[in-house]
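Just so you know, we're using my numbering here: the sequence shown kicks off at 200 and counts up by one. We put the beta carbon where it would ideally sit given N, CA and C, even for glycine.
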Amino acid sequence: MRNINYACSKCGPLAGLAEPVYVCPECCGNLDVVLDVERVRSAHSPASVGAGADRSLWRYAALLAVNVPPVSTAALRTVGGTPLFPVSRLAQHCGLQQVWIKDDSRLPTASFKDRASAVVVARALDLGVTRLITASTGNAGVALAGMAAAAGLEAVILVPESAPPAKIAQLLVFGARLVLVKGNYAAAFNLSLQAARELGLYCRSTGYNPFTLEGKKTAAFEIAEQLCAESGEDGRDTWVAPDCVFVSVGDGNIIGGVHKGFKELHALGWTRRVPRMMGVQAAGSAAIYNAFAAQTSEIGSVHAQTVADSIATDWPADGLHGLQAATQSGGAYLTVTDAEILAAIPELARLTGVFAEPSCAAAYAGLLKAARSGLVAPHERVVLLITGSGLKDVAAAMRTVGTPPVIAPTVAELRQALL
Ligand SMILES: [Zn+2]
Numbered sequence: 200m201r202n203i204n205y206a207c208s209k210c211g212p213l214a215g216l217a218e219p220v221y222v223c224p225e226c227c228g229n230l231d232v233v234l235d236v237e238r239v240r241s242a243h244s245p246a247s248v249g250a251g252a253d254r255s256l257w258r259y260a261a262l263l264a265v266n267v268p269p270v271s272t273a274a275l276r277t278v279g280g281t282p283l284f285p286v287s288r289l290a291q292h293c294g295l296q297q298v299w300i301k302d303d304s305r306l307p308t309a310s311f312k313d314r315a316s317a318v319v320v321a322r323a324l325d326l327g328v329t330r331l332i333t334a335s336t337g338n339a340g341v342a343l344a345g346m347a348a349a350a351g352l353e354a355v356i357l358v359p360e361s362a363p364p365a366k367i368a369q370l371l372v373f374g375a376r377l378v379l380v381k382g383n384y385a386a387a388f389n390l391s392l393q394a395a396r397e398l399g400l401y402c403r404s405t406g407y408n409p410f411t412l413e414g415k416k417t418a419a420f421e422i423a424e425q426l427c428a429e430s431g432e433d434g435r436d437t438w439v440a441p442d443c444v445f446v447s448v449g450d451g452n453i454i455g456g457v458h459k460g461f462k463e464l465h466a467l468g469w470t471r472r473v474p475r476m477m478g479v480q481a482a483g484s485a486a487i488y489n490a491f492a493a494q495t496s497e498i499g500s501v502h503a504q505t506v507a508d509s510i511a512t513d514w515p516a517d518g519l520h521g522l523q524a525a526t527q528s529g530g531a532y533l534t535v536t537d538a539e540i541l542a543a544i545p546e547l548a549r550l551t552g553v554f555a556e557p558s559c560a561a562a563y564a565g566l567l568k569a570a571r572s573g574l575v576a577p578h579e580r581v582v583l584l585i586t587g588s589g590l591k592d593v594a595a596a597m598r599t600v601g602t603p604p605v606i607a608p609t610v611a612e613l614r615q616a617l618l
């Protein structure tokens with residue numbers, strides 16, 4: 200098994216930790232898996248990675264601290280490789296010139312969380328464990344259930360009883376041991392940590408297992424490689440980082456993971472910059488935004504209440520990574536209201552053809568607000584990360600779109616209905 204180096208987000212490099220490693224033994228801070236930059240740079244290059252035939256996230260295996268899972272792990276081997284495409288009508292609507300969507304709603308279980316769960320399951324295979332547990336607001340659990348099913352492992356999923364029905368259906372279909380927990384996500388999260396210890400399960404919970412960041416960073420690798428191709432550059436020596444990336448934020452782990460990926464590319468010399476990371480929180484679940492606005496690294500808790508269930512959290516379990524993503528990159532945090540989030544769902548869909556769940560429509564609502572307030576300049580290259588399909592929460596979308604007319608099957612009635 201590989202020897203893995205970790206660094207605490209608060210106290211720096213750590214040595215000699217017994218696996219499985221979760222958080223800092225000194226301060227309980229969240230950990231980074233440390234990339235051996237010199238080793239990677241001496242043996243690999245953008246050209247060598249770019250020459251790989253595998254379009255999934257496993258094309259970046261040289262930058263991951265896990266072994267590539269065997270072909271027999273089915274859908275686990277297909278995660279990643281989602282499209283990055285320009286959205287000119289949306290850009291125009293925002294008063295911007297260059298906006299791309301990175302559409303991770305197309306991953307196997309229809310959310311970005313597949314990246315994290317794929318790498319955590321690969322880590323479980325490396326460790327030789329067969330039973331995993333996670334707390335989730337829905338998507339992370341679905342992703343673990345799907346990836347565990349693909350690899351033939353058992354997944355125990357703890358979800359707040361308020362999770363949307365589509366996510367619960369996915370969990371049950373994948374054969375996870377689904378348990379609905381009374382209370383909010385924090386209750387499920389705390390139970391998952393305790394259960395992992397006492398029942399001997401490998402814990403995937405976001406903001407606890409450092410390998411979720413490893414999976415999520417692969418989105419940055421794809422964005423930089425794809426934006427290079429979009430720019431018409433050859434990509435032999437360097438890829439292209441955008442000027443800023445908009446990410447919806449709940450516990451801070453996605454924005455932290457994407458930021459980690461861009462930092463690693465920059466450290467390798469494979470990109471010329473780290474983009475400004477722009478975190479968008481729901482106004483009713485804005486713990487990291489509050490710390491950013493107060494210019495403190497102390498992240499307090501809130502009583503989360505928002506239609507965007509995927510980013511609803513009282514206390515962000517990976518809040519410091521989420522905060523550092525913005526502060527270290529020159530980015531920012533902003534908030535959007537539930538009304539803005541709901542309005543953004545059909546607007547995003549009609550401008551781009553992408554049906555996003557409320558949490559990622561929030562990222563678009565934030566982009567619109569940032570563009571109009573001058574936080575983003577018109578010429579800047581912007582990537583909007585879409586992290587989950589709108590089919591995950593149809594009820595929320597239906598609140599914004601009204602009801603269709605019902606007619607007799609005649610052209611006359613159709614003509615009337617189309618007026
Ligand atoms: Zn520490």
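Burial state of residue i, where buried means 16 or more other Cβ atoms lie within 10 Å
{"i": "Ala-242", "result": "exposed"}
{"i": "Glu-556", "result": "buried"}
{"i": "Lys-459", "result": "buried"}
{"i": "Pro-603", "result": "exposed"}
{"i": "Ser-588", "result": "buried"}
{"i": "Leu-331", "result": "buried"}
{"i": "Asp-537", "result": "buried"}
{"i": "Gly-449", "result": "buried"}
{"i": "Val-372", "result": "exposed"}
{"i": "Asn-338", "result": "buried"}
{"i": "Leu-164", "result": "The question about residue 164 has no answer here: the residues shown for the chain are numbered 200 through 618."}
{"i": "Val-270", "result": "exposed"}
{"i": "Gly-431", "result": "exposed"}
{"i": "Ser-247", "result": "exposed"}
{"i": "Pro-285", "result": "exposed"}
{"i": "Glu-421", "result": "buried"}
{"i": "Leu-618", "result": "exposed"}
Candidates the options: closest to residue i by CA position
{"i": "Thr-336", "options": "Ser-404, Asp-302, Ala-317, Gln-297", "result": "Ser-404"}
{"i": "Gly-399", "options": "Leu-377, Phe-420, Val-355", "result": "Val-355"}
{"i": "Gly-382", "options": "Leu-295, Tyr-259, Ser-361, Cys-223", "result": "Ser-361"}
{"i": "His-520", "options": "Tyr-488, Ala-542, Arg-549", "result": "Tyr-488"}
{"i": "Val-446", "options": "Val-582, Ala-261, Glu-237", "result": "Val-582"}
{"i": "Leu-550", "options": "Val-600, Ser-287, Glu-397", "result": "Ser-287"}
{"i": "Thr-526", "options": "Pro-515, Ala-493, Asn-202", "result": "Ala-493"}
{"i": "Leu-533", "options": "Leu-567, Ala-542, Leu-547", "result": "Leu-567"}
{"i": "His-502", "options": "Glu-579, Tyr-384, Leu-547", "result": "Tyr-384"}
{"i": "Asp-231", "options": "Pro-212, Leu-590, Gly-251", "result": "Pro-212"}
{"i": "Cys-226", "options": "Ala-206, Tyr-563, Asp-302", "result": "Ala-206"}
{"i": "Lys-301", "options": "Pro-245, Val-236, Ser-316, Cys-559", "result": "Cys-559"}
{"i": "His-578", "options": "Ala-317, Val-298, Ser-208, Asn-202", "result": "Val-298"}
{"i": "Glu-218", "options": "Leu-590, Arg-322, Ala-273", "result": "Arg-322"}
Residue i and residue j closer than 9 Å at C-beta
{"i": "Ala-524", "j": "Gly-455", "result": "yes"}
{"i": "Gly-483", "j": "Gly-451", "result": "no"}
{"i": "Ala-365", "j": "Val-593", "result": "yes"}
{"i": "Leu-263", "j": "Thr-417", "result": "yes"}
{"i": "Arg-314", "j": "Gly-406", "result": "no"}
{"i": "Leu-324", "j": "Ala-344", "result": "no"}
{"i": "Ala-570", "j": "Glu-539", "result": "no"}
{"i": "Gln-480", "j": "Leu-283", "result": "no"}
{"i": "Arg-199", "j": "Val-457", "result": "The structure shown has nothing for residue 199, since the chain only spans 200 to 618."}
{"i": "Leu-547", "j": "Leu-306", "result": "no"}
{"i": "Leu-357", "j": "Val-378", "result": "yes"}
{"i": "Tyr-563", "j": "Pro-409", "result": "no"}
{"i": "Ala-607", "j": "Ile-544", "result": "no"}
{"i": "Ala-375", "j": "Ala-394", "result": "no"}
The beta strand (DSSP E) enclosing residue i, as first and last residue numbers
{"i": "Asn-330", "result": "At residue 330 the sequence reads Arg, which differs from the Asn that was named. Its beta strand (DSSP E) spans residues 330-334."}
{"i": "Cys-443", "result": "443-447"}
{"i": "Glu-353", "result": "353-359"}
{"i": "Phe-284", "result": "283-285"}
{"i": "Thr-534", "result": "531-535"}
{"i": "Arg-376", "result": "376-380"}
Inter-residue Cα distance where the pair is residue i and residue j
{"i": "Ile-585", "j": "Asn-389", "result": "28 Å"}
{"i": "Gly-565", "j": "Leu-613", "result": "38 Å"}
{"i": "Gly-279", "j": "Arg-238", "result": "24 Å"}
{"i": "Pro-224", "j": "Leu-216", "result": "8 Å"}
{"i": "Ile-498", "j": "Cys-210", "result": "17 Å"}
{"i": "Pro-363", "j": "Arg-240", "result": "44 Å"}
{"i": "Ala-616", "j": "Gly-601", "result": "14 Å"}
{"i": "Gln-369", "j": "Ser-500", "result": "30 Å"}
{"i": "Val-411", "j": "Tyr-401", "result": "Note that residue 411 is Thr in the sequence shown, not Val. Taking the straight line joining both Cα atoms gives about 13 Å."}
{"i": "Asn-229", "j": "Thr-437", "result": "30 Å"}
{"i": "Cys-427", "j": "Cys-443", "result": "15 Å"}
First and last residue of the uninterrupted alpha helix (DSSP H) at residue i
{"i": "Val-372", "result": "364-372"}
{"i": "Gly-455", "result": "452-467"}
{"i": "Cys-207", "result": "No alpha helix (DSSP H) contains Cys-207, which is instead part of the beta strand (DSSP E) from 205-207."}
{"i": "Gln-615", "result": "610-616"}
{"i": "Arg-240", "result": "236-242"}
{"i": "Asp-231", "result": "First-last for Asp-231: 230-232, but that is the beta strand (DSSP E), not the alpha helix (DSSP H)."}
Beta carbon shell of ligand 3 at less than 6 Å from a heavy atom: Ligand 3 is not part of the structure shown, which contains ligand 1 as its ligands.
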